[in-house]
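Enquirer: Chains as they are written, first to last, in the working numbering: chain G, 506 to 617; chain C, 2 to 111.
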Amino acid sequence: NAGVTQTPKFQVLKTGQSMTLQCAQDMNHEYMSWYRQDPGMGLRLIHYSVGAGITDQGEVPNGYNVSRSTTEDFPLRLLSAAPSQTSVYFCASSYFGSGEQFFGPGTRLTVL
Amino acid sequence: KQEVTQIPAALSVPEGENLVLNCSFTDSAIYNLQWFRQDPGKGLTSLLLIQSSQREQTSGRLNASLDKSSGRSTLYIAASQPGDSATYLCAVDRDDKIIFGKGTRLHILP
């Protein structure tokens, strides 16, 4: 049981480049979410999903896209990276209905 | 809009002392509240989850309480140890959106 996995661990992009942050979980959790963590700002919710085929916006969705084609995977796409997207990104999952949240190890992204 | 506040932002206490970390939230209509620990450069580790119908949860030296009506939760750490040094975050869940506080950075002095 690997829990929540994220790839890559580190990434450096140039402004305007695109990339996808990968997140997968093997606990059959319905709920998955993406956060970004910035100094002094805490963790902020980007997008979340309550099941395959269903996604919704969190606090800071601009500049990010998500899709949920399977229960296991919830990728986060940056279509045109900006320096303001430099951050640490965390993926989390839980059983639907107020379950305990499990977090991945994070992806540290730098946009130059 | 739900807002979660953690005070103090940083705390240093001598080893062996008992301590309390505070979390307050503005909207009492929550499904649950969860406490996490984060070590520098690492992800979040769940410590305790309190459902909205519960008043407290305990795990080892940790005890978390929840008072929905006043919008407050506390995390009590007994007999603190240097290994407890970390940032502690609380998060509230409502309508599928989980909102975090900014955390309390705890340093236990040997």
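Just so it is clear, CB atoms sit at the ideal spot from N, CA and C, and this is done for glycine as well.
#1: Can you tell me whether DSSP reads Ser589(G) as helix, strand or coil?
#2: Could you say if the stretch 98 to 110 of chain C and the stretch 5 to 13 of chain C meet the contact criterion of at least three C-beta pairs nearer than 8 Å?
#3: Closer than 9 Å between beta carbons: that is the criterion. Which residues of the stretch 513 to 538 of chain G meet it against chain C?
#4: My output table needs one value for Gly547(G): the three-state DSSP class, helix, strand or coil.
#5: Can you check which of these residues, Glu605(G), Phe601(G), Leu614(G), Leu617(G), is closest to Val555(G) by C-alpha distance?
#6: Taking contact to mean 3 or more Cβ pairs, one atom from each stretch, closer than 8 Å, check whether the stretch 573 to 593 of chain G and the stretch 518 to 535 of chain G are in contact.
#7: Could you name the residues of the same chain whose beta carbon sits closer than 6 Å to that of Phe515(G), not counting the 5 residues immediately before and after it, in chain order?
#8: In the DSSP assignment, find the unbroken beta strand (DSSP E) run with Gln3(C) in it and report its ends.
#9: At a CB distance below 7 Å, what residues from the stretch 25 to 42 of chain C approach chain G? Give them in sequence order.
#10: Secondary structure at Gly611(G), three-state DSSP: helix, strand or coil?
Expert: Straight from the coordinates:
#1: helix
#2: yes
#3: Tyr536, Ser538
#4: strand
#5: Phe601(G)
#6: yes
#7: Arg613
#8: Here Gln3(C) belongs to no beta strand (DSSP E), and DSSP marks it neither H nor E.
#9: Tyr32, Asn33, Gln35
#10: coil
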